[in-house]
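Engineer: Sharing a structure here in structure tokens format.
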Amino acid sequence: MIKEEKNSFQRVCLFGHYSPDYARNRILKKALLRKNFCIVEARSTKKGVLRYWELLLQSLRLRFDHLVVLFPGHTDVPLAWLICKIKRADLIFDAFNSLYDSMVNDRCQVSPNSFRAKILFYVDKIACRLANIVILDTPDHCRYFSRTFNVPAEKIKFIPVGSDDDVMHPRVCHRNDNCLTVFFYGSFIPLHGIEHIVEAASVLQQKSKNINFIIAGTGQTFAAIKNASKNLENIMFTGWVPYESLPELMAQAHICLGVFGVSDKASRVIPNKVFDALALKKPIITRDSPAIREWFVHEKHLWLVPAGDGGALANAILYLYTNKALRDALAENGYALYQKQFTIHAIAQKFVEILKPYTNQ
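Mapped onto our numbering, the consecutive letters of the sequence shown carry residue numbers 1259 to 1619.
Structure (structure tokens):
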């Protein structure tokens, strides 16, 4: 697929086998467009060697000053590096996540001492070494990459996940305020710690009949989570929900939930769902972590609980249930910070600053 959008002095090629609908990729593209970069795309959904051949042919026919490998593009970086050498372009790699960390440490789908684990480690490391700039989502994640893969700290930059404010923005809704609705959405990976949400729901079922949970999404742990909550009457599972439909569901909620997993990765990242809740001006509860503390203040912008503690989550929900003024204050303060730091406009400005040494603008 070859696609060109908008004329501008600086041309950026978005490269890889990425999904254009994935939130991170969609937000970064919109950010570049808002700063009047000309966007061209070299993208392939083919498998194996055919993917690289198609990407090579597409990119050689395009003109660009910078090439951005979008997530998940770790295995696309070596080809991107070769193309950048031919085109004399700069290579920016939005790593976003470590394949090794995700598959080995967080999801536990690959044994740490296996040959596959070593391959994943070196795919991460080589991709970071070849890029001129490596982009991640939090400063703590940047430090992890620098330490783990021996990447010079000065070539690693961070751009927060943010939210797509064309989709996620405050809206008026009609809801039942006699009950409290708690909302979570996600892909059911271990990092989310949804089992701790179920634990909180179990505690609250004994304490209040007016608190209900809506959990949207599906994924790795869905069957186990559904089974663990089979005796609970205060949880509703919606299954997969299109991103564009999420705002209406979230608007009905009184509280939105972030993540509660106990892995090291969970402590380094701030996922989309946190920023989406802020963008919708919703009070949010999520796990405490070094990453979240770098931007947010507990009891001011959001409510923090210890990781992996369903009891603490239940207590936080119950406390906010009985304190509407605090819920409203969290929503207002969180939204104000979001407007300053995490909109597409703010992300666009961050991207421009990162590219500035490589542009003539």
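Here a beta-carbon is modelled for each residue, glycine too, at the ideal position from N, C-alpha and C.
No experiment lies behind these values; they were computed from the predicted model shown.
Which two residues bound the contiguous beta strand (DSSP E) that contains Y1251?
Structural biologist: With the chain covering only 1259 through 1619, there is no way to say anything about residue 1251.
Engineer: Classify N1591 as helix, strand or coil using the three-state DSSP reduction.
Structural biologist: On the sequence shown, residue 1591 is found 333 positions in, with the first residue counted as 1. N1591: helix per DSSP, three-state reduction.
Engineer: P1500: buried (16+ other C-beta within 10 angstroms of its C-beta) or exposed?
Structural biologist: Here residue 1500 refers to the residue found at position 242 when the sequence shown is read from its first residue. Exposed, since its Cβ has fewer than 16 Cβ neighbours within 10 Å.
Engineer: For W1561, which residues does DSSP report across the bridge?
Structural biologist: Within the sequence shown, residue 1561 is the residue found at index 303, counting from 1. Bridge partners of W1561: I1543.
Engineer: Measuring only the C-alpha atoms, how far is Q1316 from R1301?
Structural biologist: Here residue 1316 is taken as the residue at index 58 of the sequence shown, counted from 1. Here residue 1301 is taken as the residue at index 43 of the sequence shown, counted from 1. One C-alpha to the other measures close to 8 Å.
Engineer: Using CA coordinates, which residue listed in V1440, N1294 and L1560 is at the minimum distance from H1512?
Structural biologist: On the sequence shown, residue 1512 is found 254 positions in, with the first residue counted as 1. For H1512, the nearest C-alpha among the options comes from V1440.
Engineer: Less than 8 Å separating the beta-carbons of H1450 and G1497?
Structural biologist: Here residue 1450 refers to the residue found at position 192 of the sequence shown. Here residue 1497 refers to the residue found at position 239 of the sequence shown. The answer is no: Cβ separation not under 8 Å.
Engineer: According to the neighbour-count rule (16 or more other Cβ atoms, all chains shown, within 10 Å of its Cβ), is W1311 buried or exposed?
Structural biologist: Residue numbering aside, residue 1311 sits at position 53 when the sequence shown is read from its first letter. The residue is exposed, with fewer than 16 neighbouring Cβ atoms inside 10 Å.
Engineer: Grab the span of the alpha helix (DSSP H) containing G1306 for me, first residue to last.
Structural biologist: For the purposes of this step, residue 1306 is taken as the residue at position 48 of the sequence shown. Element bounds for G1306: G1306 to L1318.
Engineer: Would you list, in sequence order, the uninterrupted alpha helix (DSSP H) runs of no fewer than 4 residues that lie entirely inside the region 1414-1498?
Structural biologist: Runs of the alpha helix (DSSP H) inside the region 1414-1498: 1452-1465 and 1480-1486.
Engineer: If we require 3 or more residues per run, which beta strand (DSSP E) segments fall completely within the region 1326-1358?
Structural biologist: Listed in chain order, the complete beta strand (DSSP E) runs (minimum 3 residues) inside the region 1326-1358 are 1348-1352.
Engineer: With contact counted as at least three CB pairs below 8 Å, one residue from each stretch, are the region 1341-1356 and the region 1324-1332 in contact?
Structural biologist: Short answer: they touch.
Engineer: Taking the CB atoms as reference points, tell me whether I1414 and L1394 lie closer together than 8 Å.
Structural biologist: As a first step, residue 1414 must be located in the sequence shown, where it is residue number 156. As a first step, residue 1394 must be located in the sequence shown, where it is residue number 136. Cβ distance < 8 Å, so I1414 and L1394 count as in contact.
Engineer: Looking only at its own chain, which residues have a Cβ that is under 6 Å from the Cβ of F1600, when we skip the five neighbours before and after it?
Structural biologist: Locating residue 1600 in the sequence shown gives position 342, where the first residue counts as 1. Around F1600: P1418, G1420 and F1533.
Engineer: Starting from the C-beta of V1368, find all residues in its chain whose C-beta is less than 6 Å away, skip the five residues before and the five after it, and write them out in chain order.
Structural biologist: Position 110 of the sequence shown, counted from the first residue, corresponds to residue 1368. Excluding positions up to five away in sequence, the list reads M1361, V1362, R1374 and A1375.
Engineer: Mind checking who L1272 pairs with in its DSSP beta bridge?
Structural biologist: Here residue 1272 refers to the residue found at position 14 when the sequence shown is read from its first residue. The partner list for L1272 (beta bridge, DSSP) reads E1299 and V1326.
Engineer: Is it the case that the Cβ atoms of A1535 and I1542 are separated by a distance below 8 Å?
Structural biologist: Within the sequence shown, residue 1535 is the residue found at index 277, counting from 1. Within the sequence shown, residue 1542 is the residue found at index 284, counting from 1. For A1535 and I1542, yes; Cβs fall inside 8 Å.
Engineer: What does DSSP give as the partner residues of H1556 in its beta bridges?
Structural biologist: Start at 1 with the first residue of the sequence shown, and residue 1556 comes out as number 298. For H1556, which the question treats as bridged, DSSP gives the partners L1560.
Engineer: List the residues that DSSP assigns as beta-bridge partners of I1391.
Structural biologist: By 1-based counting over the sequence shown, the position of residue 1391 is 133. Beta-bridge pairing links I1391 to I1350.
Engineer: Quick check on the burial criterion: 16 or more other C-beta atoms within 10 angstroms. Buried or exposed for A1594?
Structural biologist: By one-based count along the sequence shown, residue 1594 stands at place 336. A1594 comes out exposed.
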